[in-house]
Amino acid sequence: MKKLLFLTITFLCISCNHEIKQDYAEISGSIVFKTGDNISWANHNFNDSNWSNEKEIPKNEEIFWARKKVSIKTPIDSLQAIGLGINTFGAYEVFWDGVLIGKNGTPGNESNKIGVVTQNFLIPNHLLRTGEHTIALRMSQRYEKEHLRGIYAYIYDYKKLVTNKLKDTIYINLLAGAFLLTTIYYFFLYISDRKQYTMLLFSLSSSLFFLLIIAEYIKFYIPIHYSNFILRLRIIGLLTLFISFLVPYYFAVQFSFPYRKWFFTVYGLLLIWAYLFYSHSYDYTAIFLAQMMWLSSTLIICFAIFKKQKNAVIVLIGLLLSFTVYKISIFDVSLFVSFAIISLCMFYLLSVKLKEQRLAFEHSIAESTRLKYELLKKKIQPHFLMNTLTSLIDWVEEAPNKGVEFIEALADEFDLLNQVENETLIPISQEIQLCKSHLNIMKFRKEIDYIWQDEGVKNDTFQMIPPAVIHTLLENGITHCLPLENNSMRFKLIVTAHNKQATYTFLTYAKVRNAQKNTSDGTGFKYIKARLTENYGDNWEFNSESTESGWKNVITIFN
Amino acid sequence: MRILIIEDEARIAKRIERMTKDFFLNTLQQLTCVHSLVDGIEHIANNPLDLLLLDLNLNGENGFDVLQQSVSEAFHTIIISANKHQALTAFEYGVLDFVPKPFNKIRLEQAFNRVLKKEEVTTENLQYLAIKKRTGIQLVDIKNVLYIKGAGMYTEVYLKNGKIELHDKSLEKLSQLLPQSFHRIHKSYLVKLSEIKEILVQTGSKYSVELNSGKILPVGRTKYKNLKELFL
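These protein sequence lines are chains A and B, in that order.
If you read the first sequence in UniProt numbering, its first letter stands for residue 1, the second for the next number, and so on.
If you read the second sequence in UniProt numbering, its first letter stands for residue 1, the second for the next number, and so on.
This is the structure we're talking about:
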């Protein structure tokens, strides 16, 4: 949490707006346009009152002019460099009070595609007396004719005009670098363990954040011709679209959101609709998509909080913080700072989940050891061992020949146990051997006629089972049932297995001592359930119930 | 001698049965063997008994409930069990002996000799007296017992809080189970030594003791010497 706060604050600081507003001039009145070409239209005193307020782009590379009034309010130091920034589409020459101060591309001959969308011009100092001035552009617009983009002009300190955005870019590129490294690192982690699906999602969204930052800020350091400008905006739109889908999806996966399928179908369609609907106002698309992302993420997190999931509250705080940043700062900044915060939330979740996975892994190892120990304990726990030995002494004393048979049966049981002790899965045939040898021993102890039957047992790979699972059911049967009138007790194992699922039905034919007694919490059942979980995760079912003829256990394993 | 065996292992039950018969011979009036606790409880309720041989761990059921009940009865209980670690608890509740499995004839006969008092019982482990009440079995900590008075077939247990509880065991049987701190001062009295304030000698060789509580109890003439030695 401390880390999260620290990073958040750091990002907030570095993302602060560096622009220093110094209004040297007031850009008043509207821009007026006229198609045609006349160098006298550049003059300050030219009367443009009959020019059109609407921008009309003539066909091909035909020249048109635009004029705009500017007034310098305060006297400017004669050594200060003042610049004029212009943001528009098209190739143009710029005139300040009739004096050519610069050009962006070649109007009338645009085939070379020279010039950028945002260009800065140094205004010669002798032209900067206080009072009203005229900016006139002699331009042509061969490409993107359907985009009647206006002309944005501003006058600032020239140095700041040129460097301000570059400074922002430095900081934002640091962020981009972080995203790039994250992308690569988590992608490698995913490659080395393909089960880590969330790592891939995180890597993907980090790469999208990275690309988005690059796409958004590339204009400040790589000249982009206006004919490519829309393409860039479309790419940004698409990136935002993907991010808006991926981020809530990531949260949904991390918090095991239950209605993922239909939620994200509807949500995805909504995003695509928004993207197409707002297709001509790119900033609105981005804002809308980001808002949708925020809203859906918040919904999912709230659901997770409702379900009392760990860490959901911290993520919600992160989301609220990102919303606050979005509300109080300008779009370019807010978009990235809020993305950074959201990304931090994702990062945080991933690290927490990794820790959980590690703990679960350690637990599973401990659990496996415990189960192995429990399996061995079955045969050395005093109740089994001492009762067996007491019976054995009695057989040896009373009927030495039978005593020898008993010892052999015991040796068999221990031998089989040694064979399976290190396994987590054994063929059902081996399990049956284990059961039969146990019955052999119990026969000597209890002097009951135990009968074993099995059905559908094959020696194929589908018929595998954790060791001593059926054996435990058999022990339960012996313990909790009384023999029938003829002093017999019958056990039957029915195996049906194919590639999709395996079912083991274990039936005890005997009188149940106490049918109401709940044995589901007994150590035997705990052992069975733990063994099944160890091997099959959640893909198993276990039912145990008394029936008219005795007891019925069904284990179903789904492959 | 009327004996009940509760043991679910058929072979072991037969072994105990055989050894019991061999030991008690014609003094054996009745020998019953049951394989479950339920049958055992039923038998105890309906038949007078002198001795119970109980396996604590039957068919996965815990025999301690039956144990609590059986030690509150008039007869002695001997545990025959595979779980040695339960021995101490069993003694705390007041069993006469704990025979761990696997056992042989000698060990079982040693236990039987305790019943017949041919063998000295030196148990210091008894912690509770299980008293039968209408509501169930109540365990009385022996720390709270002042003295015990024999009253025919049963006994009266006098407690520090002034209450008197009835126990189904005779004074003879309880004196076998209680630790050395309880001393037989009279044919009808067992007193905790630490509760005796002084020994009073009256005319005509009449002896008595005064307890810390002020209560005066008689001392048997034959017991006086022994008691005096303990106090010197």
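By construction, the Cβ of each residue, glycine as well, lies at the ideal position given by its N, Cα and C atoms.
In the DSSP assignment, A/M292 falls within the alpha helix (DSSP H) that extends over Y282 to F306.
The closest CA to that of B/K173, considering only B/V115, B/P218 and B/T222, is found on B/V115. Here A/E455 has I494 as same chain residues with Cβ atoms under 6 Å from its own Cβ, once five neighbours each way along the sequence are excluded.
Proximity of B/I12 to chain A, defined by a Cβ-Cβ separation below 8 Å, is satisfied. If the five residues before and after A/K103 are omitted, its C-beta is found closer than 6 Å to the C-beta atoms of E93, all from its own chain and listed in chain order. Put simply, the stretch 128-145 of chain A does not touch the stretch 163-183 of chain A. Fewer than three CB pairs are less than 8 Å apart. For A/S256, the closest of A/L208, A/I222, A/Y197 and A/I287 by C-alpha to C-alpha distance is A/Y197.
A/S40 and A/I114 have their C-alpha atoms roughly 25 Å apart. Using a 10 angstroms sphere on the CB of B/V201, the tally of other CB atoms stays under 16, which defines it as exposed. Of all residues in the stretch 501-513 of chain A, only R513 place a beta-carbon less than 7 Å from a beta-carbon of chain B.
If you keep only unbroken beta strand (DSSP E) runs of at least 3 residues inside the stretch 128-153 of chain A, you get 131-140. The beta carbons of B/V140 and B/E165 sit about 6 Å from each other, so the pair counts as a contact at 8 Å.
The C-alpha of B/K149 lies about 55 Å from the C-alpha of A/Y509. Among the CB atoms of chain B, one or more fall inside 8 Å of the CB of A/S391. Secondary-structure assignment with DSSP links A/A502 through a beta bridge to A/A497 and A/I557. In the three-state scheme derived from DSSP, where H, G and I count as helix and E and B as strand, A/S71 is classed as strand.
About 6 Å separates the Cβ atoms of A/Q119 and A/I86, confirming a contact at the 8 Å cut-off. Ranked by Cα distance from A/G29, the first of A/G36, A/T35, A/S78 and A/N53 is A/N53.
DSSP places A/G29 in the uninterrupted beta strand (DSSP E) bounded by A25 to T35. Separation of the CB atoms of B/E73 and B/D168 is rounded to 5 Å, and the pair is thereby assigned contact status at 8 Å. Relative to A/V116, the option among A/N45, A/K159 and A/F220 whose CA is nearest is A/F220. DSSP lists B/R2 as the bridge partner or partners of B/Q30.
For B/S208, the uninterrupted beta strand (DSSP E) run begins and ends at K206 to L211, by DSSP.
Residue environment analysis places A/N476 among the buried positions, since at least 16 neighbouring C-beta atoms fall within 10 angstroms of its C-beta. Comparing alpha-carbon positions, the option among A/E61, A/S429 and A/K69 lying closest to A/D48 turns out to be A/K69. Beta-bridge analysis with DSSP links B/A130 to B/L139. Sequence-distant Cβ neighbours of A/H147 in its own chain, meaning closer than 7 Å and more than five residues away, are F89 and I230. A distance below 8 Å between beta-carbons, with the five flanking residues on each side excluded, links B/N125 to the following residues of its chain, in chain order: L88, F91, E92 and P179. Counting only Cβ-Cβ distances below 8 Å, A/D394 has contacts in chain B at R11, I12, K14 and R15, in chain order.
Taking 8 Å as the threshold, the shortest C-beta distance from A/P400 to chain B does not fall below it. For B/E172, the enclosing alpha helix (DSSP H) stretches over residues L171 to L177. CA-CA distance, B/I16 to B/L177, rounds to 23 Å.
Bounds of the alpha helix (DSSP H) holding A/A215 are Y197 to Y217.
If you check each beta-carbon in the stretch 426-459 of chain A against every beta-carbon of chain B, the ones closer than 8 Å belong to F444, R445, K446, E447 and I448. The stretch 342-357 of chain A makes no contact with the stretch 383-397 of chain A: fewer than 3 CB pairs, one atom from each, lie closer than 8 Å. For the stretch 26-42 of chain B, the beta-carbon criterion of a distance under 9 Å to any beta-carbon of chain A is satisfied by H35, S36 and V38.
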